[in-house]
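Working notes, structure below.
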Amino acid sequence: MPGKMLLNVWPGRWDLASIDPACLAAVMFLQLTCSDEFTIVECTNPDSSPNGQLPYLVYENQTIASLFSIVHFVTSLKSREQIPILAEEQRCSATERAQRTAWTSHVETHLGNLVACSFYSINSNWSKVTNVALCQMLSVPYRYYVPRRLRESVRPRLEAEGLWWSTDEEPVDEKPDPSISAKLEMAKPKLTFSKAFEREKALAKCRTVLDLYSQLLGENTYFFTMLSVLDLIFAAHILLLTRPPFPERSLHQVLDSYPTLSAHAGRILSTIPTPPTQPRTESASFWQLLAPKPRQESAPVEKDNKMEPKLPGLDVDQRRWVWVTMAVAAVTYIAAKSVTITFRVPASAT
2 MPGKMLLNVW PGRWDLASID PACLAAVMFL QLTCSDEFTI VECTNPDSSP
52 NGQLPYLVYE NQTIASLFSI VHFVTSLKSR EQIPILAEEQ RCSATERAQR
102 TAWTSHVETH LGNLVACSFY SINSNWSKVT NVALCQMLSV PYRYYVPRRL
152 RESVRPRLEA EGLWWSTDEE PVDEKPDPSI SAKLEMAKPK LTFSKAFERE
202 KALAKCRTVL DLYSQLLGEN TYFFTMLSVL DLIFAAHILL LTRPPFPERS
252 LHQVLDSYPT LSAHAGRILS TIPTPPTQPR TESASFWQLL APKPRQESAP
302 VEKDNKMEPK LPGLDVDQRR WVWVTMAVAA VTYIAAKSVT ITFRVPASAT
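Using the working numbering, read the sequence shown as starting at 2 and increasing by one per residue.
Rendered as structure tokens:
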């Protein structure tokens, strides 16, 4: 191929190429099919993707979004006979392809919910691992509010599935209102029971999901006769359930009772070639992700910035942040020092 493909993915942690299952599966697929022909671009701006989600692939003048579109695009460029994972897909009958598609969708939905539960739902996991990782990826000021928005974006889905739960205490005010202290004490047993019920319900759902995959895999090396995209997607989810150092290990302990599934994920990871040399990092912005979309107009309106002070190396938004910060600091200083500003009117003006 004349040029390298650029695969834009969420950054990686815990010796994994990405913290997102779809992104991790995309990296593994490209490493198996064209390891020398693509470069990883670590991206924290999903809005740069055509569909608003990562991963997406850029090749020459084409941009391909979503994992399955990337798989289809790369498959169209490569000789299927030379790559086992593509040859296996080619040999499948229409019925087998439909079955694989259905199972792949099942994995993305149900295992995806378990990964989201482990990352975002459990307070200790969120505060000590997920939030820390996201803050390390993001620049100021985005790290102060973007992680919480990401967490809230998955909450409705997890609540609908009964997977929004916590095994530790919610943070409380150090000095609660004395008038409600007695009511809080009376409510504690009910809250504890409610949390325990939520936890057990989530773990039961986890066992139900893993039972299905354990039966499908059996004692086989792969889910079907040879390595397939389904194996990659499944392994990506299992690795993100087991690799992060979460303090709350309930879901991990359930997974430990299915050793064949964990062994399958480890086996898949061991077959992946070494990733491309040092991934190129994209310095992404969350302005487009969090700010309202600009309205489409027939012609852009140029803004006159002649009166706005210039700061070298900063764009317009960043300069505004600097001046706002300076103004707030000045007001705070005046208030702290109790500085009095006196305006005098010349005698001739009275």
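Glycine residues also receive a C-beta, built at the ideal position from the N, C-alpha and C atoms.
Since the structure is predicted, the reported quantities are computational estimates derived from the model, not experimental observations.
Residue 249 counts as buried, since no fewer than 16 other beta carbons sit within 10 angstroms of its beta carbon.
Residue pairing of residue 63 in beta bridges, as defined by DSSP: 60. Closest in C-alpha terms to residue 214, from the list 112, 45, 34, comes 112. The three-state reading of DSSP puts residue 225 in coil, since its state is none of H, G, I, E or B. Between the C-alpha atoms of residue 141 and residue 10 there is a straight-line separation of about 20 angstroms.
In this model, residue 235 and residue 62 are separated by some 31 angstroms (Cα to Cα). Between residue 244 and residue 16, the C-beta spacing is below 9 angstroms. Under the three-state reduction of DSSP output, residue 124 falls in the helix class. If you look at residue 243, you'll find it in the alpha helix (DSSP H) that goes 230-243. In this model, residue 129 and residue 145 are separated by some 15 angstroms (Cα to Cα).
Looking at the DSSP output, residue 10 shares a beta bridge with 43. When the beta-carbon positions are compared, residue 6 and residue 60 come within less than 9 angstroms of each other.
Here residue 114 is buried: its Cβ has 16 or more other Cβ atoms, across all protein chains shown, within 10 Å. Per DSSP, reduced to three states, the secondary structure at residue 212 is helical. Secondary structure at residue 17: coil, using DSSP grouped into helix, strand and coil. Straight through space, the alpha carbons of residue 233 and residue 223 are spaced by roughly 10 angstroms.
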